[in-house]
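These protein sequence lines are chains A and B, in that order. In this note's numbering, each number is its position in the first sequence, counted from 1, plus 64. In this note's numbering, each number is its position in the second sequence, counted from 1, plus 64. The C-beta atom is built at its ideal place from N, Cα and C for all residues, glycine as well. See structure below.
There are 2 protein chains.
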Amino acid sequence: MKIYNWQFAPNCRRVRMFMLEKQLDLPALEEVIGDGFRLRPAYVDKWPHAMVPMLETDEGVRIGEAMAICRYLEDVYPEPPLMGATAVEKGLVEMWERRAYDEGLIGCAEVFRNTHPAFVDRGLPGSLEPVPQIPDLVARGHGRVRRFFQKFEQQLAHSHFVAGDRFSVADITTLCVSDFAKFNQIDIPTDCPAFARWYAEVTIRPSAQASR
Amino acid sequence: MKIYNWQFAPNCRRVRMFMLEKQLDLPALEEVIGDGFRLRPAYVDKWPHAMVPMLETDEGVRIGEAMAICRYLEDVYPEPPLMGATAVEKGLVEMWERRAYDEGLIGCAEVFRNTHPAFVDRGLPGSLEPVPQIPDLVARGHGRVRRFFQKFEQQLAHSHFVAGDRFSVADITTLCVSDFAKFNQIDIPTDCPAFARWYAEVTIRPSAQASR
């Protein structure tokens, strides 16, 4: 098994942290980012989706998308379950994971990709054509991240972990969002004490530290 | 079981079509859209995520997000499997489903929400504060949908269904995208014959017709 990786990318960290929570050794990680934070041409030739991470099995099957890779790993290595054990848990984990992604991670990505000079023609991942930055998306991204913190604060005020009593992949994505927000100078809002309590607890997990 | 529904919304259709493919009767559908295509206040009070669809179980558990609802249903009603039967299938179905969502459905939503007069202050779902339309997103959305068609054309040129030999939830999302694109005056490009072959076959499935 091999993973095509960009160490900095939150999407790649989601997969690394997932594997570490499963007590798996990380597989071979091939760094595919070259000059100017661009994907190396040889990787794009191999994987025209032009995104990371991508997992290649020993049989040569290629799976892209962080959560699709985690889904594959959850089936091969079911313990501990990180995507829910019962039908209701599976539904709630997926709901919170997707909320963290759509509001949190995409919100941060809107801020990052539309301001960073290295991404001036790369407003979206996965495109081989130029995608211009849209300055108005920076404010919209900030609003999106604010809503993410507010909604998750309400949940974490009465739930130990993001999707319930058990640590799950929803916590992994939420942590990766929190650290990506911090990189973009967005701190956990001061009116989100339950979120801060959760963050302090989750960020010292060995998987969180080792996946950086 | 009850589903809070907006009959027009592609995200709600994904769930209805999923249930019909499972040979399930549709549960009670409560329409929650009121004047001006806005969510009714009573629904937003009940569900501050302020999005559809939402499933409420007989025990009162509430699950939002189309794919989270499908995940719950897949576990309760495993046959026929629509999210993959083996680890590799599960990974590939999730990969293609997420690609259809991120590039196709969000691309169409960017076109729709940033042009329709009823959405002038609702550029994103799930926000109770105004989110202004961003005109530059219309062109970006069109580019995203174009890439969606191109990438799926390459896949469907050698794959009977979107994620392999078996019909899956990835086909459901892709069909909902195709019809949402058509609503936005975006037809299947003429240089995508494999996509057109796939569409002609999938759109006459009973689940596709009955979920409209």
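Q. Any contact of the segment 186-201 of chain B with the segment 108-121 of chain B, i.e. 3+ C-beta pairs under 8 Å?
A. yes
Q: Since I believe LEU156/B is in contact with ASN178/B (beta carbons under 8 Å), could you give me their beta-carbon distance rounded to a whole number of angstroms?
A: With a Cβ gap of about 32 Å, ASN178/B and LEU156/B do not count as contacting.
(Q) Which residues of the segment 132-151 of chain A have a Cβ closer than 9 Å to any Cβ of chain B? Give them in chain order. (A) ALA132, ILE133, CYS134, ARG135, TYR136, LEU137, GLU138, ASP139, VAL140, MET147, GLY148, THR150 and ALA151
Q: Taking only beta-carbon positions, decide if ARG162/A is within less than 8 Å of chain B.
A: yes
Q) Can you find a C-beta in chain B that's less than 8 Å from the C-beta of MET159/A? A) yes
Q | alpha helix (DSSP H) runs contained entirely in the segment 151-229 of chain A, provided each spans 4 or more residues | A | 151-163, 170-177 and 200-220
Q. Between which two residues does the beta strand (DSSP E) carrying ALA92/B extend?
A. 92-95
Q. How many Å lie between PRO270/A and ARG210/A at the Cα?
A. 28 Å
Q: Would you please verify whether the beta carbon of ARG204/B is less than 8 Å from any beta carbon of chain A?
A: yes
Q: Return no unless some Cβ of chain A is closer than 8 Å to the Cβ of ARG208/B.
A: yes
Q. Within this structure, are the beta carbons of TYR165/B and THR237/B separated by less than 8 Å?
A. yes
Q: Could you work out which residue in GLN214/B, GLU167/B and MET83/B is closest to PHE244/B when comparing CA atoms only?
A: GLU167/B
Q: Evaluate contact between the segment 65-83 of chain A and the segment 127-145 of chain A, counting only Cβ atoms and requiring at least three cross-stretch pairs below 8 Å.
A: yes
Q: Quickly, what does DSSP pair MET118/A with across the bridge? List them, please.
A: TYR68/A and GLY128/A
(Q) Residues of chain A with CB closer than 9 Å to the CB of ASP255/B, please, in chain order. (A) Result: empty, since nearest Cβ-Cβ is about 16 Å, beyond 9 Å.
**Q.** Environment of PRO74/B [buried if 16+ CB atoms lie within 10 Å]
**A.** buried
**Q.** Same chain only: Cβ atoms within 6 Å of PHE101/B, ignoring 5 sequence neighbours per side
**A.** ALA182
Q. Between CYS76/B and the rest of its own chain, which residues show a CB-CB distance below 8 Å, the 5 nearest in sequence each way excluded?
A. ILE67, ASN69, TRP70, VAL116, PRO117 and ALA130
Q) Under a three-way DSSP split, which group does LEU103/A fall into? A) strand
Q | Of the residues PHE72/B, ASP185/B and LEU119/B, the one placed nearest ALA92/B, counting alpha carbons only | A | LEU119/B
Q: Consider the Cβ of ILE127/A: report whether some Cβ of chain B lies at a distance smaller than 8 Å.
A: yes
Q. DSSP state of SER242/A, grouped into three classes?
A. helix
Q) Within this structure, are the beta carbons of CYS172/A and GLY207/A separated by less than 8 Å? A) no
Q | Assumed close pair TYR263/B, ILE252/B - CB separation to whole angstroms, cut-off 8 Å | A | 6 Å
Q | Closest residue to GLU123/B among VAL96/A, LEU146/A, ALA151/A and ILE97/A (Cα-Cα distance) | A | ALA151/A
Q: Answer with buried or exposed for ALA234/A, where buried requires no fewer than 16 other C-beta atoms within 10 angstroms of its C-beta.
A: buried
Q. Using a C-beta cutoff of 8 Å, does GLU94/B count as contacting chain D?
A. Of the protein chains in the structure, A and B, none is chain D.
Q: Determine the contact status of GLU158/B and ALA132/A, defining contact as a CB-CB distance below 8 Å.
A: yes
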